[in-house]
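Below: one structure, written as structure tokens.
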Amino acid sequence: MIRIVERIGTRTLRGVNLLGDTGLFLLESVAYCFVPPYRLRKIVEQIHFIGFKSLFVIVLTAAFTGMVLAIQGIHTLRKFGSEGLIGTIVALSLIRELGPVLTALMVIGRAGSAMTAEIGILRISGVIMALDAMAIEPKKFLVSPRLVGSVVAVPLLTAIFIVVGILGGGVIAVGLLGVNAAEYTGRMVQSVVFADIAGGFCKSFAFAILIGWVCTWKGYNTQRGAKGVGNATTSAVVAASVLVLVSDYILTSVLL
Amino acid sequence: MSEILPGCAPIGLEVMSEILPGCAPIGLESIRNQDSSPIIRLVGVETTLLGQKVLDGVTLDIPPRQITVIIGLSGAGKSVILRHMIGLTRPDRGQVLVDGVDINLLSRKGLYALRDRFGVMFQTGALFESMTVFDNVAFPLREKTKSGEGEIREKVTQVLALVGLPDTGGKYPDELSGGMVRRVALARAMVMDPEIIFFDEPTTGLDPIIRNSILKLLCDTWREFSFTMVMVSHDIPEIFNWCHNLVVVRAGKIAAAGPTASILASEDPFVQQLVTGDFAGPVSLL
Numbered sequence: 025m026i027r028i029v030e031r032i033g034t035r036t037l038r039g040v041n042l043l044g045d046t047g048l049f050l051l052e053s054v055a056y057c058f059v060p061p062y063r064l065r066k067i068v069e070q071i072h073f074i075g076f077k078s079l080f081v082i083v084l085t086a087a088f089t090g091m092v093l094a095i096q097g098i099h100t101l102r103k104f105g106s107e108g109l110i111g112t113i114v115a116l117s118l119i120r121e122l123g124p125v126l127t128a129l130m131v132i133g134r135a136g137s138a139m140t141a142e143i144g145i146l147r148i149s150g151v152i153m154a155l156d157a158m159a160i161e162p163k164k165f166l167v168s169p170r171l172v173g174s175v176v177a178v179p180l181l182t183a184i185f186i187v188v189g190i191l192g193g194g195v196i197a198v199g200l201l202g203v204n205a206a207e208y209t210g211r212m213v214q215s216v217v218f219a220d221i222a223g224g225f226c227k228s229f230a231f232a233i234l235i236g237w238v239c240t241w242k243g244y245n246t247q248r249g250a251k252g253v254g255n256a257t258t259s260a261v262v263a264a265s266v267l268v269l270v271s272d273y274i275l276t277s278v279l280l
Numbered sequence: 120m121s122e123i124l125p126g127c128a129p130i131g132l133e134v135m136s137e138i139l140p141g142c143a144p145i146g147l148e149s150i151r152n153q154d155s156s157p158i159i160r161l162v163g164v165e166t167t168l169l170g171q172k173v174l175d176g177v178t179l180d181i182p183p184r185q186i187t188v189i190i191g192l193s194g195a196g197k198s199v200i201l202r203h204m205i206g207l208t209r210p211d212r213g214q215v216l217v218d219g220v221d222i223n224l225l226s227r228k229g230l231y232a233l234r235d236r237f238g239v240m241f242q243t244g245a246l247f248e249s250m251t252v253f254d255n256v257a258f259p260l261r262e263k264t265k266s267g268e269g270e271i272r273e274k275v276t277q278v279l280a281l282v283g284l285p286d287t288g289g290k291y292p293d294e295l296s297g298g299m300v301r302r303v304a305l306a307r308a309m310v311m312d313p314e315i316i317f318f319d320e321p322t323t324g325l326d327p328i329i330r331n332s333i334l335k336l337l338c339d340t341w342r343e344f345s346f347t348m349v350m351v352s353h354d355i356p357e358i359f360n361w362c363h364n365l366v367v368v369r370a371g372k373i374a375a376a377g378p379t380a381s382i383l384a385s386e387d388p389f390v391q392q393l394v395t396g397d398f399a400g401p402v403s404l405l
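Going line by line, the protein sequences match chains Y and E. Count along the first sequence starting at 1, add 24, and that's the number in the numbering used here. Count along the second sequence starting at 1, add 119, and that's the number in the numbering used here.
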């Protein structure tokens, strides 16, 4: 019995320590964003890497997501004779949920994993310690620009995802399934309100911080050689994806 | 054995004096007569890492403008001592004083200001693989000074020439041999003109010829700039020809420390076994 209590206690302490460590890591990294030198070049590099280089996969995913939404939506709405609502369904689904969540998941898979691997390799090759020894704060140099890059790029990618998704849905609904184009856009404009867009933006902003935080944290704390980098990358992708979905639920509950 | 550094203790390795021809005596007295108060002092340092006591009451003085080499068995705590001196690891007890200032009491800003006086060369070089040799060496200048690109170019070219790599600026670290990587790391450690340079096993994994060429390079650069050099090394007996002071570490404690000649003359069985590399002695691994 005592052993069980000990184990629970040890795990609880470990969990609290982890929360404290990760929390401090984020706070420090965010604080360093506001301390000069600002390293604009590095930030722009990260925006390019996370944002521009993810564009193709985002556009592709968004187009097909919109198309599938249109097919599924019309299939269901026809049962009730409400095909005209398809524009509303596609737009609201993408703005409130699918846009922010799928963009975040795509960025985690494409850029987040690379972020973890890159920082992890710097850790195991001793570069992070060398930075510290050269009196260059490693978190400021490696983590802060990635956080800023993520916070700038992910909401922009989400906006692109939503627009392309709506266009993809429109192509299927109007082009293939015979929905009136004016009705598709008209209903959409009527039903989407600023709160929907603000909610989606809030989510994508929160996911951006989560991605930057989890992926850099995992890389920064990589241990035990090449295998450690692999483990850190896998664990970063899994943890960030799960956290995005969990926080999506929490944010949806709060925002609705 | 005239071609050795002053204060060093040749142990009959004639070949080394031929390999390190540039290391001619430059006047032991001139070094000894300079300010002899230690630039770095460890006082009663105790550290436990992952539940294991790695340093146990380490007290040690590092004299300025001399070469001090820390030797000992693997896992004895040599690199940990070096990290304490740089402030990368904090002791549980004891003090690490640099010019009389306890670095563990310094704020992060204060510690970083102190580290601006240091150059550090790590075991594997710790270079950015994604940067060219030039950018790696220029990195501290770009990050820590307001020098213009022209000035940086001039300084980097000068330091790369000093380490014998004048035409490698455009190459990436993975295009270089192990010895060249270490020389680039040395160039990066020196580019800010540091007062103290720390070397953590700078020749590990290199073949004897390259290893000796790196040692000669270190010796030559010290002769030119007379900075304080603290090195962790396994290059026994080569280093005895050109280091002024030896520190022998055993299981987290200082087994012996002092001028090279006196350490080599020590009758301590462990010190004797370590400096001669004899497998018979107090340390038995077989």
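For every residue, glycine included, the Cβ atom is placed at its ideal position computed from N, Cα and C.
Apart from the five residues on each side of it in sequence, which residues of its chain come closer than 7 Å, Cβ to Cβ, to residue i?
i: residue 126(Y); result: 85, 89 and 185
i: residue 155(Y); result: 162 and 165
i: residue 151(E); result: Only weak support is given to the placement of residue 151(E): the predicted model assigns it a pLDDT of 43, under 50, and the value that follows is read from those uncertain coordinates. Around residue 151(E): no qualifying Cβ.
i: residue 180(Y); result: 75
i: residue 2(Y); result: A question about residue 2(Y) goes unanswered here, because the residues of chain Y that appear run from 25 up to 280.
i: residue 370(E); result: 195
i: residue 107(Y); result: 98, 101 and 203
i: residue 256(E); result: 275, 278, 279, 303, 306, 307 and 310
i: residue 276(Y); result: none
i: residue 324(E); result: 297
i: residue 285(E); result: 279
Can you give the beta carbon distance from residue i to residue j, rounded, assuming they're within the 8 Å contact cut?
i: residue 305(E); j: residue 240(E); result: 6 Å
i: residue 354(E); j: residue 201(E); result: That belief does not hold up - the Cβ atoms of residue 354(E) and residue 201(E) are roughly 15 Å apart, past 8 Å.
i: residue 230(E); j: residue 206(E); result: 5 Å
i: residue 306(Y); j: residue 70(Y); result: An answer regarding residue 306(Y) cannot be provided, because it is not within the stretch 25 to 280 covered by chain Y.
i: residue 139(Y); j: residue 240(Y); result: 6 Å
i: residue 98(Y); j: residue 256(Y); result: About 44 Å; that fails the 8 Å criterion.
i: residue 203(Y); j: residue 110(Y); result: 6 Å
i: residue 398(E); j: residue 383(E); result: The pair is not a contact, with the Cβ atoms about 19 Å apart (cut-off 8 Å).
i: residue 230(Y); j: residue 271(Y); result: 6 Å
i: residue 253(Y); j: residue 144(Y); result: 4 Å
i: residue 385(E); j: residue 391(E); result: 7 Å
Cutting at 6 Å between CB atoms, please list the residues of its own chain near residue i, excluding the five before and the five after it.
i: residue 54(Y); result: none
i: residue 287(E); result: 252
i: residue 159(E); result: 181, 204 and 217
i: residue 351(E); result: 189, 197, 198, 201, 319 and 320
i: residue 133(E); result: For residue 133(E), the pLDDT reaches just 38, beneath the cut-off of 50, and the residue's location in the model is therefore unreliable, leaving the point undetermined.
i: residue 279(Y); result: 223
i: residue 289(E); result: 251
Using CA atoms only, rank isn't needed, just tell me which of the options is closest to residue i.
i: residue 168(E); options: 182(E), 212(E), 332(E) and 311(E); result: 212(E)
i: residue 82(Y); options: 187(Y), 57(Y), 191(Y) and 130(Y); result: 130(Y)
i: residue 302(E); options: 367(E), 336(E), 345(E) and 165(E); result: 336(E)
i: residue 379(E); options: 166(E), 188(E), 315(E) and 236(E); result: 188(E)
i: residue 373(E); options: 186(E), 176(E) and 170(E); result: 176(E)
i: residue 250(E); options: 332(E), 365(E) and 300(E); result: 300(E)
i: residue 93(Y); options: 194(Y), 183(Y), 167(Y) and 152(Y); result: 194(Y)
i: residue 268(Y); options: 219(Y), 250(Y), 254(Y) and 236(Y); result: 236(Y)
i: residue 344(E); options: 183(E), 163(E) and 292(E); result: 183(E)
i: residue 192(E); options: 324(E), 165(E), 368(E) and 364(E); result: 368(E)
i: residue 178(E); options: 171(E), 242(E) and 215(E); result: 215(E)
i: residue 283(E); options: 388(E), 269(E) and 329(E); result: 329(E)
i: residue 220(Y); options: 205(Y), 183(Y) and 104(Y); result: 183(Y)
i: residue 91(Y); options: 242(Y), 191(Y) and 251(Y); result: 191(Y)
i: residue 327(E); options: 356(E), 185(E) and 339(E); result: 356(E)
Counting only the same chain and skipping the five closest in sequence on each side, list residues whose C-beta sits under 8 Å from that of residue i.
i: residue 233(E); result: 206, 217, 220, 222 and 225
i: residue 78(Y); result: 130, 131, 134, 135, 177 and 181
i: residue 216(Y); result: 112, 115, 116 and 119
i: residue 237(E); result: 205, 313, 314, 315, 316 and 317
i: residue 209(Y); result: 111 and 194
Check whether chain A comes within 8 Å of residue i, counting only Cβ atoms and requiring the distance to be less than that.
i: residue 67(Y); result: You won't find chain A in this structure, because its protein chains are Y and E.
I want to know whether the segment 221 to 229 of chain Y touches the segment 239 to 254 of chain Y - three or more CB-CB distances under 8 Å.
no
Taking a cut of 7 Å between CB atoms, which residues from the segment 307 to 329 of chain E lie near chain Y?
none
Between the segment 33 to 48 of chain Y and the segment 141 to 148 of chain Y, can you find at least three pairs of beta-carbon atoms closer than 8 Å?
no
Check distances from the C-beta atoms of the segment 177 to 203 of chain Y to those of chain E and list, in chain order, the residues that come in under 9 Å.
none
Proximal residues, the segment 141 to 153 of chain Y versus chain E, C-beta separation under 7 Å:
149, 150, 151 and 153
Count the C-beta pairs between the segment 167 to 184 of chain Y and the segment 261 to 269 of chain E that are closer than 8 Å, then say yes if the count reaches three, no if not.
no
Could you please tell me which residues of the segment 255 to 283 of chain E, in chain order, have their CB closer than 9 Å to any CB of chain Y?
258, 259, 262 and 263
Identify each residue in the segment 180 to 206 of chain E for which the Cβ-Cβ distance to at least one residue of chain Y is less than 7 Å, and report them in chain order.
205
Could you run through the segment 154 to 166 of chain E and flag, in chain order, every residue whose CB is less than 8 Å away from some CB of chain Y?
none
Any residues in the segment 157 to 174 of chain Y with a beta carbon nearer than 8 Å to a beta carbon of chain E? Which ones, in chain order?
157, 158, 159, 160, 161 and 165
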